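Number of protein chains: 2
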Amino acid sequence: MEANGTGIDGIKRYLMKEGINPSYQRLKIFEYLQNHRVHPTVDIIYNDLCKHIPTLSKTTIYNTLNLFEQRDIIKSLSIEKNELRYECDLRPHAHFKCKSCGNIFDIWQEFPRMIQQTVDGHRVTEQQLYLKGVCKNCSQDL
Amino acid sequence: MEANGTGIDGIKRYLMKEGINPSYQRLKIFEYLQNHRVHPTVDIIYNDLCKHIPTLSKTTIYNTLNLFEQRDIIKSLSIEKNELRYECDLRPHAHFKCKSCGNIFDIWQEFPRMIQQTVDGHRVTEQQLYLKGVCKNCSQDL
DNA sequence: GTATCTGCAAAACATTTGCAATTCT
DNA sequence: AGAATTGCAAATGTTTTGCAGATAC
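Chains as they are written, first to last, in this note's numbering: chain A, 18 to 159; chain B, 18 to 159.
Here it is in structure tokens:
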């Protein structure tokens, strides 16, 4: 299930349906993820949002993202060492990270469907496919 | 290419062939990775190795693993947030992390071959497939 | 008025860096 | 001796925790 409806009101309904109290900060953080599909870090979210919410703290962003992830309305990516990135698109897809410009792209084609319910006898519930290389923009710059 | 030959001498030849000065610490760290295929963290390697090499420091382990990775004789895994794990098996395979016991298993079957040279126009040079769930040992304990 | 939420400051970790001491040849 | 390596201490960067004040119903 994903957030739908228009703007803040749709997000508010979505959070309430998921049992999450829709505080101002939580609404704005979720809205930010909806409008910025570049898989931002906490730092990026903070630096952008605190322009409009001067009292915002990073602690609140950490708390909120952890809450959202526990409630399965966002996902975190550990595609790069030592930094977490976030997205609110829950549909299964892969990610490509350009080693030149650092951008992360969603990859919808060729994503292998959940291999099996079980692999080697282990029950699989999540999968992440991370691709790395040089993106098309950086390739033509060379 | 992988390390072969017997024990320390094989590793020494391998490092030298790769242009890496085979110091005692480097030999022992590579040997540790060869003998402990559980994808250990720096901390695990340190705690085990410093029993036999009391003067060993974590800095040396970080330096050495970074050197090995730059020279492409080991790989790092960021399957879990905020911690890197290491392995010396360079053959393409996937990884399964059990959310119950925390163990990481190599998955050799069903690993999708490098999808394409390019995806969405981006040139792919690396891929990692991370699976998560409950391993067979933990499943039967329930 | 009571629960919850926020945000500051400090703590907790993982990793990197600067540099002096050590080792190897 | 000279070059490379090691390891201590300090710095860096990210995330978590404790708690007091603010907010919401």
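Ideal Cβ positions, reconstructed from N, Cα and C, are used throughout, including at glycine. Nothing here was measured: the structure is a model prediction, and the numbers come from that model.
| Going by beta carbon distance, what residues of the same chain come within less than 8 Å of A:HIS112, once the five residues before and after it are set aside? | Reading the first sequence from its first residue, position 95 is the one you call residue 112 of chain A. Cβ contact annotation for A:HIS112 (same chain, cutoff 8 Å, sequence separation greater than five): HIS56, LEU94, ILE96, ILE121, PHE122, ASP123, ILE124, GLN145, LEU146, TYR147 and LEU148, in chain order.
| request: Under the assumption that B:LEU73 contacts B:GLN42 (Cβ atoms under 8 Å), give the Cβ distance between them as a whole number of angstroms. | output: Along the second sequence, one-based indexing puts residue 73 of chain B at 56. Along the second sequence, one-based indexing puts residue 42 of chain B at 25. About 7 Å separates the Cβ atoms of B:LEU73 and B:GLN42, confirming a contact at the 8 Å cut-off.
| said: By the DSSP assignment, the beta strand (DSSP E) with A:GLN145 in it spans what residues? | reply: Along the first sequence, one-based indexing puts residue 145 of chain A at 128. From DSSP, the beta strand (DSSP E) with A:GLN145 extends over 139-151.
| field | Backbone secondary structure at B:THR135 - three-state DSSP | value | For the purposes of this step, residue 135 of chain B is taken as residue 118 along the second sequence, with counting starting at 1. Reduced to three states, the DSSP call for B:THR135 is strand.
| message | By the DSSP assignment, the alpha helix (DSSP H) with A:ILE90 in it spans what residues? | response | Here residue 90 of chain A refers to the residue found at position 73 of the first sequence. Counted as a single uninterrupted DSSP element, the stretch harbouring A:ILE90 is not any alpha helix (DSSP H), since DSSP gives it neither H nor E.
| request: Determine the chain A residues that contact B:GLY27 at a beta-carbon separation under 8 Å, and present them in chain order. | output: For the purposes of this step, residue 27 of chain B is taken as the residue at position 10 of the second sequence. What B:GLY27 touches in chain A: nothing, since even the nearest Cβ is about 29 Å away.
| request: Only counting runs of 4 or more residues, tell me where the alpha helix (DSSP H) segments fall wholly within the region 23-80 of chain B, in order along the chain. | output: Correct list: 24-34, 41-52 and 59-66.
| query | Do you know how far the Cα of B:LYS98 is from the Cα of A:ILE46? | reply | Mapped onto the first sequence, residue 46 of chain A falls at position 29. Mapped onto the second sequence, residue 98 of chain B falls at position 81. Put simply, the backbone Cα of A:ILE46 is about 21 Å away from that of B:LYS98.
| For B:THR23, is the classification buried or exposed, using 16 other Cβ atoms within 10 angstroms of its Cβ as the cut-off for buried? | What you label residue 23 of chain B is simply residue 6 of the second sequence in a count that begins at 1. Exposed, because fewer than 16 other Cβ atoms sit within 10 Å of the Cβ of B:THR23.
| B:THR46: contacting residues in chain A (beta-carbon distance under 8 Å) | In the second sequence, residue 46 of chain B corresponds to position 29, counting from 1. Correcting the residue identity first, residue 46 of chain B is Ile in this sequence and not Thr. Result: empty, since nearest Cβ-Cβ is about 19 Å, beyond 8 Å.
| request: Take B:VAL151 and list the residues in its own chain whose beta-carbon comes closer than 7 Å to its own, dropping the five residues that flank it on each side. | output: Working through the second sequence from its first residue, we reach residue 151 of chain B at position 134. Taken in chain order, the residues that qualify are CYS115, LYS116 and SER117.
| said: Using CA atoms only, rank isn't needed, just tell me which of B:ASN154, B:THR81, B:LYS75 and B:HIS139 is closest to A:ASP137. | reply: Indexing the first sequence from 1 puts residue 137 of chain A at position 120. Cα-wise, what sits closest to A:ASP137 is B:ASN154.
| Could you give the C-beta distance for A:ASP65 and A:TYR49, rounded to a whole number, given that I count them as a contact under 8 Å? | Indexing the first sequence from 1 puts residue 65 of chain A at position 48. Indexing the first sequence from 1 puts residue 49 of chain A at position 32. About 7 Å; that satisfies the 8 Å criterion.
| query | Is A:CYS115 helix, strand or coil when you go by DSSP? | reply | Here residue 115 of chain A refers to the residue found at position 98 of the first sequence. In the structure shown, A:CYS115 sits in a strand (DSSP, three-state: E or B).
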